[in-house]
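*Asks:*
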Amino acid sequence: MTPVLLLLVAGAATPVLTALALVALRRPSRLVAAAGSGAGAGLTALAAALIDADVFDVGQVISSPLQVDAVAATLAPALGVVSLAALLALPERARTLASVGSALVLQGLSTALLLVGHLPLLLALEVLKIATVLWALRGGRTGRIAALTLAPSAIGMTAVTLLLVATDGAAAPLSTHVATLSEHPAWLLLLGASALMRLGIPPAHGWLVTAFEELEPSQVLPLAVPASALVILVRLVEPALAALGATAHAPVVIGALLLALLAQGLAFVQTSMRRALGFSVVAGLCVLLVGVVDPDPIGRVGGVAHWGAWVVATGGFSLAVGAASSRLGTIDLRKHHALGERAPRLGALFVLLGFATAAGPGTVDFVGADLMLHGSLGHHWPQMALLLMVMGLQGLNVLRWFFRIFYGPAPMFADPRERMELLPRERLALLMVLGLLFVGGLVPSALPVLGASVEP
Amino acid sequence: MNALWLPFLVALGLPFGAWLLLGLRLLLVLAPPSEALIQRLTATVFSISTVAFVIGVVGLLLSGAPLPDLPLGALVALPRYHIALGLHIDGLSLGLLGLTFPLAGLVAAFSARYLHREPGFSRFFFLLMMLTVGLELIAAGEGLDLLFAGWELVGLSSALLIAFFHRRQQPLDHGLRAYATYRAVDVALLLAVVLSHHLVGSVSVHQIDAWIGGPSGLTTLVGVLVVIGAMGKSGSVPFSGWVPRAMEGPTPSSAIFYGALSIHLGPFLLLRMWPILESAPAARALMGVVGLLTALHGSMVGRAQHDIKGTLAYASLAQVGLMFIELSLGFTELATLHLFGHAVLRANQLLRAPSVLSERDELLDALGAQRPSRGQHIERTLPAPLRRGLYKLALERWYLDDLLDRGLVGPVVRGLEALNRLDQRVSAALSGPPGDEEAAAQRSAPRAEAPVRPGPSPHAAAGVRS
Numbered sequence: 028m029t030p031v032l033l034l035l036v037a038g039a040a041t042p043v044l045t046a047l048a049l050v051a052l053r054r055p056s057r058l059v060a061a062a063g064s065g066a067g068a069g070l071t072a073l074a075a076a077l078i079d080a081d082v083f084d085v086g087q088v089i090s091s092p093l094q095v096d097a098v099a100a101t102l103a104p105a106l107g108v109v110s111l112a113a114l115l116a117l118p119e120r121a122r123t124l125a126s127v128g129s130a131l132v133l134q135g136l137s138t139a140l141l142l143v144g145h146l147p148l149l150l151a152l153e154v155l156k157i158a159t160v161l162w163a164l165r166g167g168r169t170g171r172i173a174a175l176t177l178a179p180s181a182i183g184m185t186a187v188t189l190l191l192v193a194t195d196g197a198a199a200p201l202s203t204h205v206a207t208l209s210e211h212p213a214w215l216l217l218l219g220a221s222a223l224m225r226l227g228i229p230p231a232h233g234w235l236v237t238a239f240e241e242l243e244p245s246q247v248l249p250l251a252v253p254a255s256a257l258v259i260l261v262r263l264v265e266p267a268l269a270a271l272g273a274t275a276h277a278p279v280v281i282g283a284l285l286l287a288l289l290a291q292g293l294a295f296v297q298t299s300m301r302r303a304l305g306f307s308v309v310a311g312l313c314v315l316l317v318g319v320v321d322p323d324p325i326g327r328v329g330g331v332a333h334w335g336a337w338v339v340a341t342g343g344f345s346l347a348v349g350a351a352s353s354r355l356g357t358i359d360l361r362k363h364h365a366l367g368e369r370a371p372r373l374g375a376l377f378v379l380l381g382f383a384t385a386a387g388p389g390t391v392d393f394v395g396a397d398l399m400l401h402g403s404l405g406h407h408w409p410q411m412a413l414l415l416m417v418m419g420l421q422g423l424n425v426l427r428w429f430f431r432i433f434y435g436p437a438p439m440f441a442d443p444r445e446r447m448e449l450l451p452r453e454r455l456a457l458l459m460v461l462g463l464l465f466v467g468g469l470v471p472s473a474l475p476v477l478g479a480s481v482e483p
Numbered sequence: 181m182n183a184l185w186l187p188f189l190v191a192l193g194l195p196f197g198a199w200l201l202l203g204l205r206l207l208l209v210l211a212p213p214s215e216a217l218i219q220r221l222t223a224t225v226f227s228i229s230t231v232a233f234v235i236g237v238v239g240l241l242l243s244g245a246p247l248p249d250l251p252l253g254a255l256v257a258l259p260r261y262h263i264a265l266g267l268h269i270d271g272l273s274l275g276l277l278g279l280t281f282p283l284a285g286l287v288a289a290f291s292a293r294y295l296h297r298e299p300g301f302s303r304f305f306f307l308l309m310m311l312t313v314g315l316e317l318i319a320a321g322e323g324l325d326l327l328f329a330g331w332e333l334v335g336l337s338s339a340l341l342i343a344f345f346h347r348r349q350q351p352l353d354h355g356l357r358a359y360a361t362y363r364a365v366d367v368a369l370l371l372a373v374v375l376s377h378h379l380v381g382s383v384s385v386h387q388i389d390a391w392i393g394g395p396s397g398l399t400t401l402v403g404v405l406v407v408i409g410a411m412g413k414s415g416s417v418p419f420s421g422w423v424p425r426a427m428e429g430p431t432p433s434s435a436i437f438y439g440a441l442s443i444h445l446g447p448f449l450l451l452r453m454w455p456i457l458e459s460a461p462a463a464r465a466l467m468g469v470v471g472l473l474t475a476l477h478g479s480m481v482g483r484a485q486h487d488i489k490g491t492l493a494y495a496s497l498a499q500v501g502l503m504f505i506e507l508s509l510g511f512t513e514l515a516t517l518h519l520f521g522h523a524v525l526r527a528n529q530l531l532r533a534p535s536v537l538s539e540r541d542e543l544l545d546a547l548g549a550q551r552p553s554r555g556q557h558i559e560r561t562l563p564a565p566l567r568r569g570l571y572k573l574a575l576e577r578w579y580l581d582d583l584l585d586r587g588l589v590g591p592v593v594r595g596l597e598a599l600n601r602l603d604q605r606v607s608a609a610l611s612g613p614p615g616d617e618e619a620a621a622q623r624s625a626p627r628a629e630a631p632v633r634p635g636p637s638p639h640a641a642a643g644v645r646s
């Protein structure tokens, strides 16, 4: 096993081992959890730094059943950083063994999913992840809705996997399964639909939005934001679609963009900030879909870069929303809360991270979005217009939310001298994410996917 | 690197550095910097930038040759595509930069006194620097990608400055409206940037300048999109609603944005993309129609304004409308002169606007009598019913905002709200019996644990452990 693979496997295993240690200690120690998560993130970042960009390519399998490519090398560190930030920013009242443990396990599983190039193992990890998500959401409204959505998704993915294994054999490489899928459009449709349900693409978005409404954003992040089901789309569905011809992508792209626009519109009319955030995340997931299924190599590179940037930006922004709601309680967007005078730094980070989610200039997502626009989207201006409208609406939403939460007439009885500024751990989490976004924006070629050669 | 670039690099780099420095200071250190420090910083930066710029211009004039582009590397370099970074300075850039540095410096000096002891003093200067950096990118960016990045920075700083006095509801609503307009039309601009790549083969300003093409479907599409992008920033009809609302911001920002610089970015963009527009008769026709309507709108509505800043805002709109007409007819040099002359005049008028009443009183004292009635020639020639109708039309700003709100935004928002209610009903049906909702609502309600209220120190919060 190459050193890079070793580092990535260690990066995936460390958070899981940390979770087990915490269970053994029966203490949800934030310090230990952060150390484990940070170590995982650090190992994956080190692996990404060591990757020889000339050797690794998007989709290239190195050493079955494990593989490393530009997708894994780009996403793994991003997941690690967001997981670490989520643990640091987790409010005290939500810091339980269950929430900390499940966050660490999900970090490990999400990283592992990126490294697997063997179908049964891929499926096993995804089903395990779904089980972890359902366990974390057990009880309450969210758990019920999630069960109704994620369980069929797991069943669908399992069914297709069994069919493929029966046809091609358990040890067959992914490329063989891709060819089989392209010969069986019904299986491809089932697998794709299952993956989309897992992601939370509308109409299967209910559990995601409700989760943001009920739980702390830092608890929901590990469940949803890594968007690991995209791995199934990248490794299996997209190549099979490509084999069917370029026109096969068009309905997916147009559908995803229309759904993204609808989700952003729904985010605009929400009265609860948490629900609005949920719909914003759903819209972001739809846009991710557009990037990773692009038949054009430039667009696909942009899609993967956008995926990594979105994970970090959305993670950071969700944490900022969480910090604001831990100070204000339920944030009603029909009125102003004037938090800015009491927490100016939180306000500044909120708006900066928010605009990072809208591909603001200077952030790494600006580069990702630019590449997506110069991919196959660039030849279809109506689709381009839809994508730009989604991003434009995200920026508008962010500013509107900022004005409602941080500006406006001060609520009655609110003392403007009262300080509600970020705690040091919250500040560290948000600044870490922000720094990564802007440093990545200045030196985007450091991202493995942008340093790797593009497929011919 | 050509040595002539050195003074320009100093001129461009200093505001950028100051912006970053101020931003980091505000983000990382809780106590805002002192007014004196900010004053000294901005005065130094703008003074040196202006002097360096002048030295650069003199050097260019003496050399007699155009300045070659300065490549600054590539943001991304893939085998088949790269995002290049670079600087490009031509006559148009020099004009905009020549306005930016001294005007921004003057406004900074004015604001140091105007906003003395005002809450948000440091925020204002951060946003002013942000505007300057945005204008630098628009003026001197080598590629349309950089131009668009600058465009976004200008738009965001504009919206945040309109909402500067954030303790009142109205500035926030107006800032949001302005930003919504920008975001909507920026879709057109970014589409134009991407499609230019297909048309010209590059997004480089240099290559666009050198492009020679004929009319085609793509040329027309790019041209029309550029015009729409320009219309938003310039407040042309039907996107004019935000301009008078933008006067909510501090007077110095109104002067620099809506008098001098930001509002003229529309014509600037049209001049920058002129080689493409020249081959797009449909786009030029659109320019002409929009310009005519905007000039009429600005003149008419300006006459019904009751405050000086509103009057000046509409006067600016009218002049920008005329610039659109000049460009549609191909008079690029006239439009350029008009642009820069108007920018200086209007900035001066807006900066003097707060003193207009006292100046009027001084004039009346000097005259010793009422001023003779002037103007209103057009109004006097119209029959009274028509005059009343037009006055109402002017007061209502041609009902453009109503049409937009009731005809477009309102129905869309109502549709989305209906969809949202449906979504909530489906979620409620899927999530189980109503009793569970109460438990879930309790989980999402403000907690018994107090939010962080650290008192004198962030670490002294009761019951909150770090």
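Line by line, the protein sequences give chains D and B. Note that my numbering has the first sequence beginning at 28, numbered continuously upward. Note that my numbering has the second sequence beginning at 181, numbered continuously upward. For glycine and all other residues, C-beta sits at the position ideal for the given N, C-alpha and C.
#1: If you compare alpha carbons, which of Trp454/B, Ile443/B, Gly590/B and Thr361/B is closest to Gly394/B?
#2: Say whether chain B places a C-beta atom closer than 9 angstroms to the C-beta of His211/D.
#3: Using beta carbons (cut-off 9 angstroms, strictly below), is Arg348/B in contact with chain D?
#4: Mind checking the segment 296-308 of chain D against chain B and listing, in chain order, the residues whose C-beta falls within less than 8 angstroms of any C-beta there?
#5: Taking the alpha carbon of Ala220/D as the reference point, which residue from Thr176/D, Val252/D and Pro249/D has its own alpha carbon closest?
#6: Measure how close the beta-carbons of Val309/D and Pro229/D come, nearest whole angstrom, since I'm counting them as under 8 angstroms.
#7: Give the residues from the segment 279-294 of chain D that approach chain B closer than 9 angstroms (Cβ to any Cβ), ordered along the chain.
#8: Can you tell me which of Gly236/B, Ala216/B, Leu276/B and Val237/B puts its alpha carbon nearest to the alpha carbon of Gly321/B?
#9: Tell me the rounded alpha-carbon separation between Val88/D and His262/B.
#10: Would you report the Cα separation of Leu341/B and Phe233/B, rounded to the nearest angstrom?
#11: Would you mind telling me which residues of chain B sit closer than 8 angstroms to Ala412/D, beta carbon to beta carbon, in chain order?
#12: Taking all protein chains shown into account, do 16 or more other C-beta atoms lie within 10 angstroms of the C-beta of Trp391/B, making it buried, or fewer, making it exposed?
#13: DSSP three-state label for Ile505/B, please.
#14: Between the C-alpha atoms of Gly397/B and Phe465/D, what's the straight-line distance to the nearest angstrom?
#15: Less than 8 angstroms between the CB atoms is what I'm expecting for Leu250/B and Trp185/B, so what's the real figure, rounded?
#16: From the DSSP output, read off the bridge partner residues of Asp359/D.
#17: Please report the straight-line C-alpha distance between Leu517/B and Leu279/B, rounded to a whole angstrom.
#18: When you compare only the Cα positions, how much space is there between Ala319/B and Phe448/B?
#19: What separation, rounded to the nearest whole angstrom, lies between the Cα atoms of Val280/D and Ala383/D?
#20: State the Cα-Cα distance for the pair Gly289/B and Pro432/B, rounded to the nearest angstrom.
#21: How far does the alpha helix (DSSP H) with Ile342/B in it extend, from its first residue to its last?
#22: Taking its Cβ as the centre, do 16 or more other Cβ atoms sit within 10 Å of Pro614/B, making it buried, or is it exposed?
#23: Between the Cα of Leu406/B and the Cα atoms of Phe328/B, Gly590/B, Trp578/B and Val334/B, which residue gives the shortest distance?
#24: Beta-carbon of Ile54/D versus every beta-carbon of chain B: anything under 9 angstroms?
#25: Would a check of beta-carbon distances place His378/B closer than 9 angstroms to chain D?
#26: Using a Cβ-Cβ cut-off of 9 angstroms, state whether Asn600/B counts as contacting chain D.
#27: Using the C-alpha atoms, what's the distance from Arg293/B back to Val469/B?
#28: Compute the distance between the beta-carbons of Gly336/B and Phe437/B, then report whether it is under 9 angstroms.
#29: Using a Cβ cut-off of 9 angstroms (strictly closer), state whether Leu426/D contacts chain B.
#30: How long is the line joining the alpha carbons of His444/B and Lys413/B, rounded to whole angstroms?
#31: Within this structure, are the beta carbons of Phe504/B and Ser416/B separated by less than 9 angstroms?
#32: Please work out which residues of its chain come closer than 6 angstroms, Cβ to Cβ, to Ala72/D, disregarding the five sequence neighbours upstream and downstream, and give them in chain order.
#33: Could you name the residues of chain D that Glu215/B contacts, counting a contact when the two beta carbons are closer than 9 angstroms?
#34: Output yes if chain B places a C-beta closer than 9 angstroms to the C-beta of Phe377/D; else output no.
#35: So that I know if they touch, is there some Cβ in chain B lying closer than 9 angstroms to that of Ser180/D?
#36: With 9 angstroms as the threshold, decide whether the Cβ of Trp408/D is near any Cβ in chain B.
*Replies:* The relevant details are as follows:
#1: Trp454/B
#2: no
#3: yes
#4: Val296, Gln297 and Arg301
#5: Thr176/D
#6: 6 angstroms
#7: Leu289, Gly292 and Leu293
#8: Leu276/B
#9: Residue placement at Val88/D is poorly supported in this model, since its pLDDT is 46, which falls under 50; the coordinates are not used for a value here.
#10: 27 angstroms
#11: Val367 and Leu371
#12: buried
#13: helix
#14: 38 angstroms
#15: 5 angstroms
#16: Ser299/D
#17: 12 angstroms
#18: 9 angstroms
#19: 23 angstroms
#20: Per the sequence shown, the amino acid found at residue 289/B is Ala instead of Gly. Each residue's alpha carbon lies about 10 angstroms from the other.
#21: Leu324 to Ile342
#22: Any answer about Pro614/B is weak, because its pLDDT of 48 lies below 50 and its placement is not dependable; what the coordinates show is given next. So Pro614/B counts as exposed.
#23: Sequence inspection shows Val at residue 406/B; the Leu mentioned does not correspond to that position. The candidate whose alpha carbon is nearest that of Val406/B is Phe328/B.
#24: Sequence check: residue 54/D is Arg here, not Ile. Answer no: the Cβ-Cβ gap between Arg54/D and chain B never drops below 9 angstroms.
#25: yes
#26: yes
#27: 42 angstroms
#28: Note on identity: in this sequence residue 336/B is Leu, with Gly being the wrong assignment. For Leu336/B and Phe437/B, no; Cβs fall outside 9 angstroms.
#29: yes
#30: 8 angstroms
#31: yes
#32: Pro104
#33: Correct list: empty, because the minimum Cβ distance to chain D is about 17 angstroms.
#34: no
#35: no
#36: yes
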